[in-house]
Every structure is written in structure tokens, then in C-alpha cells.
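Asks:
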Amino acid sequence: EQLARGAALKWASGIFYRPEQLTRLGQYRSREVQRTCSLEARIKSVVQSYLEGVQTGVWQLARALEAVQGTREALSQAHELLKSMAQASQSLKPLREQVSQHKQLQALSQLLPRLQAVPAAMAHTQTLIDAQRLLEAYVSLRELEQLQEETWAPLGGLELPVFQGLGLLAEALSQAVETAAMAARKLAREDPALLVAAIRVAEVEAGRTTPVGQAPRDWRQRWPEATISRRERGPCLCPFGPAAEALVAPCCPPHYKVVQLWAHTLHNGLRRSLQQLLAGPELGAADAFALLHWALHVYLGQEMMGSLELGPEADVSQLEPLLTLENIEQLEATFVAKVQASVAQWLQKALDGEIAEWGREQEPNTDPSGFYHSPMPAIVLQILAENIRVTSLVSESLQQRMHGMALSELGAFLRSFSDALIRFSRDHLRGEAIAPHYVPYLLAAFNHQTALSSSVSSLQPDGVASGILAPIEAALDELQRRICHLVLEALQVELQPLFESVPSRRWLSSSELLDCVCDQTSRFCQDFWRVRSPAVKLLLAEAERTVVLQYLRALMQGRLVCRDADERTQAAERLRHDAAQLKELFLGLGLEENSHCAPVLLALRELLNLRDPTLLGLEVAGLRQQFPDVSEDHVSALLDLRGDVSREQRQAALISLQDGSPPSPLTGHRALFSLVPAPTPSFSSCLPSGPCS
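Residue 1209 is where the sequence shown starts when you use our numbering, and the numbers rise one by one after that.
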């Protein structure tokens, strides 16, 4: 009411705020009176409707109360009647007991002839069981059990003494069925009828409805269990052929899955045995390989689990792998490790045999073409390739492992071979173990390297990237450089005494010194033709460069200073003649002209033959264009050889060497001057640092 009054007051103050609106006060009053009357009428109508509903509900409650009171009286009367009936029923209890006893006596009197025959029937059933007439024994047993069931109902579940041995009889028949199951393979060959009878008994018993209170007999489930247990206990005492399971299967219903049962049982037993084997001592290489090959190929092949004789009944596709991935990895690692140890021994024996040949009085053996030859490269590659090929029969992963091992062992062999050559050279040059045919055996090593290089691709399995052989190829190239270095070192040892008189007055006046050099070089290189291409070309080119380097080194020693123009002319002519003689020598040995280094002597001839010393700058700049590795020390040593160059002229020539245009990168000349330190290099510094360094 307060809220309504407040709202009305707020409304009125808003409406009548202005004086001119007061004239309409009567209209507002009459309209509000009408609204009030309308609301009161509606309220009265609603209240009247609710009052009528309440009146109806009260009337209905009164009627329900009367009905409940009537029902209560009826229930009370029924309770009294039930109490009187219970008393009457209690008085009839002795009569009911007499009726029950009468019915039992009546049933026993009717079954008495059959009950009297029970002991004889049980003895007959036992006789049938002993005679292995299992179907007849089961029929007799069931008749006795049915008779027992017929007596249970009339006697109220009372067990008669005459049936006490029936449980033992059923157990005896169960044992007979289980025994037949355990001897299934033997019975399938000798007495399939007995096997079929045992199976039929188990099947009929499985389809029978077991009476209430009697435990079910699981003869059918025990049949395959007995078979498995027999197989797990050990092999059969009697030998049977491999097709015994095939004879058992037709005797059994299809749902027995006999072939599958035997296949899976044998597979699981074999799998457990292999796990125990692998958990024991580590297998040897042959055993690990044989087990891998047999498990991955033979076992699942047509000779065993994949045989057509097994058929789809075996369902071998559901078998777990005989070897797990961990087992396979373990066997592969074992096999590769064992083989690696053996391969290392074989390769070492091959290398030891080759090393023993180096000290012989005879030259190395040759093949029909006259090239130095040894079976060592073929033996090495055959050992490695054969191991890789054999592993391809097992799996790709084993082949990859073996391939990696083979490359690793080949790399170790190449390093051992290189180290052995170094020791061989050191002992020979120091005089500790003079080899009668030192150089020929180094040349034979060239052919070994060539044979390995040309055949190493045979170690690469199909489908493997070619880059995997890169480390081996690099090791072979290093071995080639090492052998070449040792050969050239031997050549230097022989040439060094001959170049001690170059240049000299004797050298100016005669070609005798270079004739000796050429003769010695020719004799040294006479066996180069026994080296196979392309190694022989490399060897000849490096030998020619070695001779030229020795020549340049001798020129830089400052042993000779020309006294006049005639001697400078003689020296220039000697350089031209020597260059031609060296060219002729190596052309005769088979070296192509574009590989010669002797033309450097012709360039030095121009420097000595120049008559006007003021033009030396131009000549020196031209020399640098042809041979970018020439240095100021080299040019200074050559100017000393001229003997007519003043300090100013020398300085001008060296400045032209520094200020000249940079040499062309396409000169085609190999390093020469950079290998000849001036003015007094050590002996070993003259070895080239190119392909054979």
C-alpha cells in the first residue's frame, strides 16, 4: 500500500505540475474511479473461483476418509480369518508328512526292479571302460545317471547308497577320454575309431544340460588341454611320422582347430626355447648366422610353417615373430662383431704374407701381361665381398651392418699397408734391412692400390648411395701419394750425387753429367712399364718433375758464376741442350709432352742468354708469367749465375718482379720454384708436394 501511494503521489505531482492541467482533474478522477471498480470486480471473481475449488476439495477429502475407514474394517476381518486358517493348517502337518512318505514308498516300489539292477549295470559300465568301448560305456553311465535323477525328485534329493560309486565311474570314463586325447597321434595311426569315440563322448557331454546341483563335466575343454600338456612334457615315446597331426585333424570337429592348436603350441614352445638360448652364453658367428637365416627364411618357408600341407587351418599369420626385433638386433650385432674379429685376422695375415715377400731375392711376380701382380688385393676384396654377399641372404639390415664393417676394416687395412710401406722404406734407406728389389716392390704396391681402387665398387650393395665409399677412395688416394713419394725419394737418393757438380765448368763444357743423370733415371724407370695405367702416367710425370726439381735446386746453390758473355752463352746453350735431352728421355719412357716440366730450363736459358742486362726486368716479368711461384730469392740466385748484374740492375729486375701484372691462372704449369728453397734448401725439401707428396 505504501509503494502504491508513493507511486500515485509521484504520478500526480508530475501530471499536475502546471496550473493549466488542474482543469482536467475531474476527468482524471472519474477515470481512476472506473479503473478501481474494474479491479475490484476482477478480484472478487478470482476469490470466488478459489473458494469454490476449496469447497470441492473438502468434500472429496470427506469421501476419501469414509473409504479408508471401510477398507480398514475389511482388512481387520481378513486378518482374523488368516489367523484361524493358520491354526487349521498346523493341525494338518502330520497328515502331509504321511502323504509324502506314502509317495516316496510308492516311487521306490515302482523303481525297485531298476534299482536292484544298478550294481550290475555299474560293473558292466566299468567293464566297458576297461575295454575302451567308450561310447557304450557313456550310454550306460547316462542311463544310471538318469535313474539317479528320477529318484531325486520323489525322494526329495535323498542320495541312495546304491549310487555311491557312480561318481567314481564318471571319473574313470573321464580319465579314459583324457588318456585317448593324450595319445591322439598314436590313436590316429593305430586306432582312429577309439579316438573318434572319445571325441564323440566329449562332444555329447558338452551338449548335455547339467542338472541343478551337479557340477558340469568339462571333458571337451580338457581334451585339447591334455594334448598340449603332453606335448609340453616332452616328445612322444613312440616315433611318428611328420604327418601325424594331419591324421588327427579329420577325427576331430572343425572347431577343435587341431592343426592350429599344434602349430601354435609348437611355435610358442620354440619361441620360449630361443629366448632361453639367447639369454645364455653368447653364440658364435656361425650359430648366430644360422639362427638368423633359419628364423627369418627357413622357418616361415615352404619347408616348414609355410608348407602347403598345413593349409589355412594352421593360421600361421597369427603367430608372433619367432625372434623379436631386440633378438634380431642382438644376433646381428653378435655376428658382425665375431666376423669383424675374424676379418681383421685374415686381412692381417694377407698383409703379413705380402710384407714377407718384400725382402726376397726375386723380383715381384707378374701376370701374363708383364705387370707386377700379387693375390693380396683379390684376397682382401674377396674376403670382404663374400661376407657382404652372404649377409644378403638374411636381411638388408644385416647386410648394411656388414657393409659398414667391411669398409671400416678396409680402411684399417689401408692404413696398416701404408704404415708397413713407410717402415719398409725407412729400414731400407737407413741400411737396417736392405731390400734387393726395393723399387720393384714399391711399384708392385702401386698395382695393388690400382687393383683395390678399380674393384672397391664391388663392395657397394645395390641401392646404396655412392658417397658411402668416399672415405675409402680418399684412403686409396692417400696410399697412392704415399707410394709415389717413396719411389721419388728413392730416385732422389740416386740422383743427388750426380747433381753435386751442376752447375760447374765441367758442366759448361760437356754433357757428360746430364748423360749420367739420364742414364741413371732411365735405369731407375725401366720397370715403370710394369705399373698399370693410370698410375704409370702419374709416376712418370712425377719422376720427370723430380729430376727437374733436382736440376733447379742445383742451379740455386750458387756453385758457378759466369765470368764473361761466352760462359753465359755456354750456360744458356747447356740449359737448352739439357732440356731437350730430358724431353727426349721421358718421351722415350712414354710420358706425354704436355706433362713435361723441363721447359722451365728453356725459360731460364732466356734469362741467361740476354745480352743487355738493362732488359732483365722484362725477362723476369715474363718468367713470372710462366711460373707464378718464382720468388725474389730464385731470381736473385739466377742473376748471380749470370755474373754481370750490377746492384742497380738487380734492384730494377726485382722491382719488375714485384710490380709486374699478376700471372694468368691458366698457365698450366705445376708448382716448381716453390719446392726449391733458395739458396740452400735441405734435401727433403725437393720432394714435390703434388699428387705424390
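Just so it is clear, CB atoms sit at the ideal spot from N, CA and C, and this is done for glycine as well. None of these values were measured; they are calculated from a predicted model.
Tell me the rounded alpha-carbon separation between A1860 and G1825.
Replies: In the sequence shown, the residue the question calls residue 1860 occupies position 652. In the sequence shown, the residue the question calls residue 1825 occupies position 617. The straight-line gap from Cα to Cα measures roughly 6 Å.
Asks: Out of L1722, Y1225, R1713, state which residue places its alpha-carbon closest to the alpha-carbon of L1706.
Replies: Position 498 of the sequence shown, counting from 1, holds the residue named residue 1706. Cα-wise, what sits closest to L1706 is L1722.
Asks: Let me know if I1223 comes out buried or exposed under the rule of 16 or more other beta-carbons within 10 Å of its beta-carbon.
Replies: As a first step, residue 1223 is located in the sequence shown; it is residue number 15 there, counting from the start. Exposed, by the Cβ-count rule.
Asks: Put Y1225 into one of helix, strand or coil per three-state DSSP.
Replies: Stepping through the sequence shown from its first residue, residue 1225 is reached at position 17. Reduced to three states, the DSSP call for Y1225 is coil.
Asks: Out of P1302, S1582, D1399, which has the shortest C-alpha to C-alpha gap to L1650?
Replies: Stepping through the sequence shown from its first residue, residue 1650 is reached at position 442. Ranking the options by Cα distance to L1650, first place goes to S1582.
Asks: Quick check on this structure: which residue in A1879, H1693, D1867, P1885 has the alpha carbon closest to the alpha carbon of L1846?
Replies: Working through the sequence shown from its first residue, we reach residue 1846 at position 638. Measuring from the Cα of L1846, the nearest candidate turns out to be P1885.
Asks: Can you name, in chain order, every residue of its own chain whose Cβ lies under 7 Å from the Cβ of C1805, other than the five neighbours on each side?
Replies: Within the sequence shown, residue 1805 is the residue found at index 597, counting from 1. Once the five neighbours on either side are set aside, the close Cβ partners of C1805 are E1752, R1753, V1756, R1878, L1880.
Asks: Whole angstroms is fine: what's the gap from V1506's alpha carbon to R1738's?
Replies: On the sequence shown, position 298 is the one that residue 1506 refers to. On the sequence shown, position 530 is the one that residue 1738 refers to. For V1506 and R1738, the distance between alpha carbons rounds to 50 Å.
Asks: If you pair each beta-carbon of the stretch 1541–1554 with each one of the stretch 1486–1495, do three or more pairs fall below 8 Å?
Replies: Yes, the stretch 1541–1554 touches the stretch 1486–1495.
Asks: Whose C-alpha, out of P1742, D1735, A1787, Q1668, is nearest the C-alpha of S1719?
Replies: For the purposes of this step, residue 1719 is taken as residue 511 along the sequence shown, with counting starting at 1. Per the Cα distances, A1787.
Asks: Could you name each continuous alpha helix (DSSP H) segment of 4 residues or more that falls completely within the stretch 1773–1809, going from the start of the chain to the end?
Replies: Taking only runs of at least 4 residues, the alpha helix (DSSP H) segments lying wholly in the stretch 1773–1809 are 1773–1797.
Asks: Could you check what DSSP says for T1574 in three-state terms: helix, strand or coil?
Replies: Working through the sequence shown from its first residue, we reach residue 1574 at position 366. In the structure shown, T1574 sits in a strand (DSSP, three-state: E or B).
Asks: Are S1600 and Q1607 touching if we call contact CB-CB under 8 Å?
Replies: Numbered from its first residue, the sequence shown carries residue 1600 at position 392. Numbered from its first residue, the sequence shown carries residue 1607 at position 399. In contact: S1600 and Q1607 (Cβ atoms closer than 8 Å).
Asks: Can you tell me where the alpha helix (DSSP H) with G1639 in it begins and where it stops?
Replies: Here residue 1639 is taken as the residue at index 431 of the sequence shown, counted from 1. That residue, G1639, is in no alpha helix (DSSP H); it is neither H nor E in DSSP.
Asks: To the nearest whole angstrom, what separates the beta carbons of I1587 and A1558, a pair I think is in contact under 8 Å?
Replies: Against the sequence shown, residue 1587 aligns to sequence position 379. Against the sequence shown, residue 1558 aligns to sequence position 350. About 5 Å separates the two Cβ atoms, so the contact holds.
Asks: Taking the alpha-carbon of P1576 as reference, which of D1852, S1605, A1653, R1740 has the nearest alpha-carbon?
Replies: For this step, residue 1576 is matched to residue 368 along the sequence shown. Here the closest residue by C-alpha is R1740.
Asks: For Y1507, which three-state DSSP category applies?
Replies: Sequence index remark: in the sequence shown, residue 1507 carries index 299 (1-based). Note: Y1507 maps to coil in three-state DSSP.
Asks: Whole-angstrom Cβ separation of E1840 and L1815, contact assumed at under 8 Å?
Replies: In the sequence shown, the residue the question calls residue 1840 occupies position 632. In the sequence shown, the residue the question calls residue 1815 occupies position 607. About 14 Å; that fails the 8 Å criterion.
Asks: Within 10 Å of its beta-carbon, does L1349 have 16 or more other beta-carbons around it, so buried, or fewer, so exposed?
Replies: Sequence index remark: in the sequence shown, residue 1349 carries index 141 (1-based). Buried.
Asks: Tell me Y1258's beta-bridge partners as DSSP assigns them.
Replies: The residue you call residue 1258 lines up with position 50 of the sequence shown. Partner(s): none; Y1258 has no beta bridge.
Asks: Are M1584 and E1604 close, meaning C-beta to C-beta below 8 Å?
Replies: Position 376 of the sequence shown holds residue 1584. Position 396 of the sequence shown holds residue 1604. Not a contact, by the Cβ cut-off of 8 Å.
Asks: Can you pull the DSSP bridge partners for Y1580?
Replies: Working through the sequence shown from its first residue, we reach residue 1580 at position 372. The partner list for Y1580 (beta bridge, DSSP) reads T1574.
Asks: Work out the CA separation of L1748 and E1686 for me, nearest whole Å.
Replies: By one-based count along the sequence shown, residue 1686 stands at place 478. By one-based count along the sequence shown, residue 1748 stands at place 540. Distance between the alpha carbons of E1686 and L1748: 18 Å.
Asks: Would you report the Cα separation of S1712 and G1798, rounded to the nearest angstrom?
Replies: As a first step, residue 1712 is located in the sequence shown; it is residue number 504 there, counting from the start. As a first step, residue 1798 is located in the sequence shown; it is residue number 590 there, counting from the start. Their backbone Cα atoms lie some 31 Å apart in a straight line.
Asks: Count the other C-beta atoms from every protein chain shown that fall within 10 angstroms of the C-beta of W1219, then say buried if there are 16 or more, exposed otherwise.
Replies: To locate residue 1219, count along the sequence shown from 1; it is residue 11. W1219 should be labelled exposed.
Asks: Could you have a look at E1490 and say whether DSSP puts it in helix, strand or coil?
Replies: The residue you call residue 1490 lines up with position 282 of the sequence shown. DSSP places E1490 in coil when its eight states are reduced to three.
Asks: Leaving out the 5 sequence neighbours to the left and right, which residues in its chain are closer than 8 Å to A1329 when beta-carbon positions are compared?
Replies: The count along the sequence shown starts at 1 and reaches residue 1329 at position 121. Excluding sequence neighbours, A1329 sits near S1348, E1351, L1352.
Asks: Taking G1456 and A1389 to be in contact with their CB atoms under 8 Å, please state how far apart those CB atoms are, rounded to whole angstroms.
Replies: Looking up residue 1456 in the sequence shown gives position 248. Looking up residue 1389 in the sequence shown gives position 181. Sequence check: residue 1456 is Val here, not Gly. V1456 to A1389, Cβ: 10 Å. No contact.
Asks: Among T1574, E1344, Q1356, whose alpha-carbon lies nearest the alpha-carbon of P1369?
Replies: Along the sequence shown, read from residue 1 onward, the residue named residue 1369 stands at position 161. Per the Cα distances, Q1356.
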